[in-house]
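> Residue numbers (our numbering): 17 to 210. This is the structure I have questions about; it appears just below.
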């Protein structure tokens, strides 16, 4: 069975990526952190059990960027809010289950990704919760048959994002895997050193 792991990435340019973090530590430092964090993450999660695809933003710049590994396929994220872009990326997967993660979760390992795909063996969807009420991973067993309600009325960047996203998948059996922290603010950075 073909499995696809989509990693949402932005070009690590000051003022264009991790801006909440950048307001605290400086935009250049935030962009530097994201660039190196994502590079390390991609090395950690590549695995023959799944195909890693980069969902890039901005579209044109991301498709031709020399920052990301050239051997990984790239798909343009396109316009819209986070839900629009994630739904579009999931719809690009034609065969097999798919999961989406962001590049700003230092604790992700291959074992976490394997757990997510294993959960899709007997569930329609899977989430990796974050402590702030959001999530670091979403996966669908049949992404090509996603419901039109997917990601509708989700209150992004709030403590309701996970609950709202689950509610956008009516009649789907949902699993949860490990809780991991993403990096949004400087307060989150010390957690990356553990």
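For every residue, glycine included, the Cβ atom is placed at its ideal position computed from N, Cα and C.
Just tell me which of 61, 129, 89 has its CA closest to the CA of residue 154.
Looking at the Cα atoms, 129 is the closest of the given residues.
> Is DSSP giving residue 184 helix, strand or coil here?
coil
> Under 8 Å by Cβ, that's how I've got residue 105 and residue 121 pegged, so tell me the actual separation to the nearest angstrom.
17 Å between Cβ atoms; not a contact.
> In chain order, what residues of the same chain lie with their CB nearer than 6 Å to the CB of residue 88, ignoring the 5 residues before and after it?
Annotation for residue 88: 68, 70 place their beta carbon closer than 6 Å to its own, counting only its chain and skipping 5 residues before and after.
> Out of 118, 113, 205, 40, which has the shortest C-alpha to C-alpha gap to residue 17?
113
> If residue 44 sits next to residue 30, beta carbons under 8 Å apart, how far is it from one beta carbon to the other, in whole angstroms?
5 Å between Cβ atoms; contact.
> Thinking just about the alpha-carbon of each residue, which of 107, 57, 23, 90 is nearest to the one in residue 164?
Between residue 164 and the set 107, 57, 23, 90, the nearest pair of CA atoms involves 107.
> What whole-angstrom Cβ distance do residue 75 and residue 94 have, given they're in contact under 8 Å?
Right, their Cβ atoms sit about 7 Å apart.
> Cutting at 6 Å between CB atoms, please list the residues of its own chain near residue 167, excluding the five before and the five after it.
So the qualifying residues of the chain are 99, 103, 184.
> Thinking C-alpha only, which one of 97, 21, 53 is nearest residue 205?
53
> For residue 152 and residue 118, what's the separation of their Cα atoms in angstroms?
Answer to the nearest angstrom: the Cα atoms are 7 Å apart.
> Given residue 200, which residues of its chain have a CB within under 6 Å of its CB, disregarding the five upstream and five downstream residues?
If we look at residue 200 and ignore the five residues flanking it on each side, its Cβ neighbours are 36.
> By DSSP's criteria, residue 26 is part of a beta bridge. Which residues make up the other side?
73
> Counting C-beta neighbours from all protein chains within 10 Å, is the total for residue 172 16 or more, i.e. buried, or is it exposed?
Exposed is the label assigned to residue 172, since fewer than 16 other Cβ atoms lie within 10 Å of its Cβ.
> What's the gap between the Cα of residue 197 and the Cα of residue 157?
24 Å
> Which whole-angstrom value is the C-beta distance of residue 191 and residue 135, which I expect to be below 8 Å?
4 Å
> Grouping DSSP H, G and I as helix and E and B as strand, with all else coil, what is residue 2?
Past the boundaries of the shown model lies residue 2; the chain is included only from 17 to 210, so the question cannot be answered.
> Smallest Cα separation from residue 96: which of 77, 84, 73, 110?
Out of 77, 84, 73, 110, 73 has the C-alpha closest to the C-alpha of residue 96.
> As a quick exercise: from 24, 59, 195, 174, pick the residue whose alpha carbon is nearest that of residue 132.
195
> Only counting the same chain, and skipping five residues up and downstream in sequence, which positions put a Cβ closer than 8 Å to that of residue 161?
none
> Based on the DSSP secondary-structure assignment, which residues constitute the bridge partners of residue 90?
70
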